[in-house]
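**Q**
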Amino acid sequence: MKSQSPQLSQQRRSGLSGNGRATSAHWRGFTTTELLIVLVIVGVLAFIAIPRLDIPSLKVAPVAEQIAAEIRYAQNLAMTRSAAHSFTVGGGSYSISNAGGGVPLSNGEGAGSYEDVTVDAVTVTFSPRFGRPDGGSSIAVSAGSSVATIVVEGETGYVYIVE
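Numbering (the numbering used here), first residue to last: 47 to 209.
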């Protein structure tokens, strides 16, 4: 019977070959193929699950931002065209019109598409001088328990969102 050197038997027990590298029998980890399969499965599950998430707070903020931008646009039109302009929102749509003629100038892309979002019906008229509104206004945009309020300051016409 051959006797093994203590150094050689120690290397075999530790999984090291003579050059100090681990032998393939003792490698631990995942192959690239296994990792790719897991990533594909996670991707498919995410693709299916994410659209099913119906989170009301994710709907409120974009609608409030769009309406606030349109209010600012109406204010800008009043100042640049030297004519009073009105912004009207309600019933899932909004419009900007020349307050004197009542002709709608713009109806935003999101008009009629505010599903599951409630928007207060409000009309704000901006004077041509400094874009000052006819009074302070607030517009509540809500879905579920999430509420964002668009505030138009009466004295300055400053428009901001409170969430």
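Virtual Cβ for every residue (Gly too), placed ideally from N, Cα, C. Bear in mind that the values here come from a model prediction, so they are computed numbers and not experimental data.
(1) Quick check on this structure: which residue in Asp162, Ala95, Ile142, Gly89 has the alpha carbon closest to the alpha carbon of valine 109?
(2) Could you check how far apart the C-beta atoms of phenylalanine 172 and alanine 107 are, in whole angstroms? I think they sit under 8 Å.
(3) With a threshold of 16 other CB atoms inside 10 Å of the CB of valine 90, please say whether the residue is buried or exposed.
(4) Which residues does DSSP pair with alanine 194 in a beta bridge?
(5) Taking 8 Å as the threshold, find out whether the region 198-209 comes into contact with the region 114-133 through three or more Cβ pairs.
(6) Straight-line CA distance for glycine 154 to isoleucine 113?
(7) Does DSSP put valine 163 in a helix, in a strand, or in coil?
(8) Determine which residues share a DSSP beta bridge with threonine 171 and list them.
(9) Please state whether DSSP places isoleucine 101 in a helix, a strand or coil.
(10) Quick one, are the C-beta atoms of alanine 167 and glycine 146 less than 8 Å apart?
(11) To which residues of the same chain is aspartate 180 closer than 6 Å at the C-beta, ignoring the five residues directly before and after it?
**A** In short:
(1) Asp162
(2) So it is not a contact: roughly 24 Å between Cβ atoms.
(3) exposed
(4) Val187
(5) yes
(6) Confidence at glycine 154 is low in this model, with a pLDDT of 48, below 50, so the placement of that residue is unreliable and no value is reported for it.
(7) coil
(8) Ser132
(9) coil
(10) no
(11) Thr171
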